[in-house]
Each structure stands twice: as C-alpha cells, then as structure tokens.
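Numbering (the working numbering), first residue to last: 61 to 148.
To start, the structure itself, in structure tokens.
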Amino acid sequence: MTVFLIVVVVFIGVVLLVRQLIKKGVESGVLKKEKIIETLAKHQEDELNKMIEEKAKQLRKRNEEALKKNKVKKLSDLNMDEIRKEGM
C-alpha cells in the first residue's frame with residue numbers, strides 16, 4: 061500500500077514538472093517569435109527609410125535642375141531688400 065502511495069506521489073510530481081517545463085517552453089517560443097517579428101519589422105523600417113532617403117535625394121536633384129533650367133532664384137538666395145522690391 062505504501063509503495064502504491066509513493067508511486068502515485070512520484071507520478072503526480074513528474075506530471076507537474078512536465079507541465080511547468082512545457083509552459084516555460086511555450087513562453088520562450090512565444091518570446092522568440094516576438095523577437096523575430098521585431099527584428100523583421102526593424103529591418104523593413106530600415107529599408108523603407110533608405111528608400112525614402114533615396115527618393116528625397118532624387119527629388120532634390122530634380123528640383124535643383126529645374127531651378128537652374130528656369131533660372132529661378134531661391135528664396136534663401138535673395139536678401140530681404142530684393143524680396144521687398146520684387147514684392148512691390
């Protein structure tokens with residue numbers, strides 16, 4: 061009878077231990093997936109930032125070329141007296 065009780069107690073202990081290990085494994089798996097997702101999101105964000113920077117450079121270059129082609133003065137190149145003269 062005592063052997064049976066010892067076997068039952070050991071079995072229950074093993075079951076509880078296995079449940080805890082499974083729970084920890086699932087939690088670590090979820091954490092790993094979240095980390096992977098964060099890494100992928102960061103990578104995509106970096107790629108988008110690079111694309112935006114490249115597009116901005118292209119637009120600035122086209123703007124500069126258009127200004128040169130049309131011989132338009134930039135507002136920053138004019139001083140306040142010229143702005144007032146042209147405004148009146």
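In this text, a Cβ means the ideal position worked out from N, Cα and C, and glycines have one as well.
Values in this document were obtained by computation on a predicted structure and should not be read as measured data.
{"Query": "Bounding residues of the alpha helix (DSSP H) (the contiguous stretch that carries Met111)", "Result": "62-130"}
{"Query": "Val87 versus His103 - alpha carbon distance", "Result": "Correcting the residue identity first, residue 87 is Glu in this sequence and not Val. Their Cα atoms are separated by approximately 24 angstroms."}
{"Query": "Contact set for Thr62: own chain, Cβ-Cβ below 7 angstroms, skip 5 residues either direction", "Result": "none"}
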